[in-house]
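Okay, so here's the structure we're looking at.
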Amino acid sequence: MRHLFRPMPGFFSSRSPRGREASRCAADVQSGIFTSTLCPDPWLPVPGRHLWAVRIVPAERNEQMMPVPSHLRGLVVPLESAIDEGALSATVRCLCGETRFELLYPGQTHEHAGEKIPCTAEVEGHFFFVLKSRCPGCAREHLLFDADFHGWNGLVCHDPAKAALARPQLVAWLCQCGEARHTGVVRIQTEGREEFISEAGGRFDADRWPDAFGWFSMDLTCARCGRESRELVSYETM
Ligand SMILES: [Zn+2]
Ligand SMILES: [Zn+2]
Numbered sequence: 005m006r007h008l009f010r011p012m013p014g015f016f017s018s019r020s021p022r023g024r025e026a027s028r029c030a031a032d033v034q035s036g037i038f039t040s041t042l043c044p045d046p047w048l049p050v051p052g053r054h055l056w057a058v059r060i061v062p063a064e065r066n067e068q069m070m071p072v073p074s075h076l077r078g079l080v081v082p083l084e085s086a087i088d089e090g091a092l093s094a095t096v097r098c099l100c101g102e103t104r105f106e107l108l109y110p111g112q113t114h115e116h117a118g119e120k121i122p123c124t125a126e127v128e129g130h131f132f133f134v135l136k137s138r139c140p141g142c143a144r145e146h147l148l149f150d151a152d153f154h155g156w157n158g159l160v161c162h163d164p165a166k167a168a169l170a171r172p173q174l175v176a177w178l179c180q181c182g183e184a185r186h187t188g189v190v191r192i193q194t195e196g197r198e199e200f201i202s203e204a205g206g207r208f209d210a211d212r213w214p215d216a217f218g219w220f221s222m223d224l225t226c227a228r229c230g231r232e233s234r235e236l237v238s239y240e241t242m
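All letters in the sequence shown, in the order written, are residues 5 to 242 by my numbering.
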């Protein structure tokens, strides 16, 4: 029988976003040991022991996704319309219909798998992670993610003093070919409605569970040379 699996929030924390990406694979799962000889996902390392806890769900459920978090409504287009608690994948699209955008980030990078990628920025002792899209068609900017407002920590563990600080200056991410315009997909993983209600119930409307997501990432494709950067951005929000 074919199964799909997802990381199990709160158990082995899925520090590796690659682990979360593994949700489309067939696999044998034995108490946290994941053997992936059949796994077609190129991001997965060799079969063996991984620090990913998994939960087996019926394969057909993977065709559904969590709802779009409220701050992204109208700014991204989900690749699937049916709703459950599966990870969201959605194309970035401006209100004017343009799908190309410049990704604005705080300008600090670190190295991951031999490549520089945007990372949390330290500004005068405070840490920020802010992403915007800027449309080359209509010049509008849209806030895609701000760790102080969005996701689990931004919502459930919101820190008003930190959130009141001026946001850092942002710069456009450039492809290795020098191009700033990209198309892109946002991927978001929820901790689930039940977890949200049990941890934050009473303080928030239960229907806000999609806003308390646990992980935010983006894949980018250069609009000029076509270079693909999978998980150029990857941020665990809790
Ligand atoms: Zn636009
Ligand atoms: Zn390029």
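The beta carbon of each residue, even a glycine, is placed where N, CA and C say it ideally should be.
Kindly list the residues whose CB is nearer than 7 Å to the CB of residue i, restricted to its own chain and excluding five residues on each side of it in sequence; keep chain order.
i: VAL81; result: ALA94, THR95, ARG97
i: GLN68; result: GLU84, ALA86, ILE87, ASP88, GLY90
Where does the unbroken beta strand (DSSP E) through residue i begin, and where does it stop?
i: SER233; result: 232-240
Roughly how far, in whole angstroms, is the beta-carbon of residue i from the beta-carbon of residue j, given that I think they are within contact range, below 8 Å?
i: GLU102; j: GLY141; result: 4 Å
i: ALA184; j: GLU89; result: That belief does not hold up - the Cβ atoms of ALA184 and GLU89 are roughly 35 Å apart, past 8 Å.
i: SER233; j: SER221; result: Their Cβ separation, rounded to whole angstroms, is 11 Å, which puts SER233 and SER221 out of contact at 8 Å.
i: MET70; j: LEU92; result: 5 Å
i: PHE217; j: GLN193; result: 6 Å
i: VAL190; j: LEU108; result: With a Cβ gap of about 14 Å, VAL190 and LEU108 do not count as contacting.
i: CYS179; j: ARG138; result: That belief does not hold up - the Cβ atoms of CYS179 and ARG138 are roughly 15 Å apart, past 8 Å.
For residue i, would you say it is in contact with chain B, using Cβ-to-Cβ distances shorter than 8 Å as the test?
i: HIS162; result: The chain inventory of the structure shown lacks chain B, comprising one protein chain alone.
For residue i, which beta-bridge partners are listed by DSSP?
i: ASP150; result: VAL134
i: HIS116; result: GLU119
i: PRO82; result: ALA94
Please state whether DSSP places residue i in a helix, a strand or coil.
i: LEU76; result: helix
i: LEU108; result: strand
i: GLY155; result: helix
i: ASP209; result: coil
i: ASP215; result: helix
i: ALA176; result: strand
Which residues mark the beginning and the end of the alpha helix (DSSP H) in which residue i is found?
i: ARG197; result: 197-204
Quick one: what's got a C-beta closer than 8 Å to residue i's C-beta in the same chain, skipping five residues either side?
i: PRO46; result: At PRO46 the pLDDT is 37, less than 50, meaning the model places this residue with poor confidence and gives no usable figure here.
i: HIS130; result: LYS166, LEU169
i: ALA210; result: ARG197, PHE200, ILE201
By Cβ distance below 6 Å, which residues in the same chain neighbour residue i in space, the five residues on each side in sequence not counted?
i: GLN34; result: At GLN34 the pLDDT is 31, less than 50, meaning the model places this residue with poor confidence and gives no usable figure here.
Residues near ligand 4, CB to any non-hydrogen atom under 7 Å, in chain order? In the structure shown, ligand 4 is absent; the only ligands present are ligand 1 and ligand 2.
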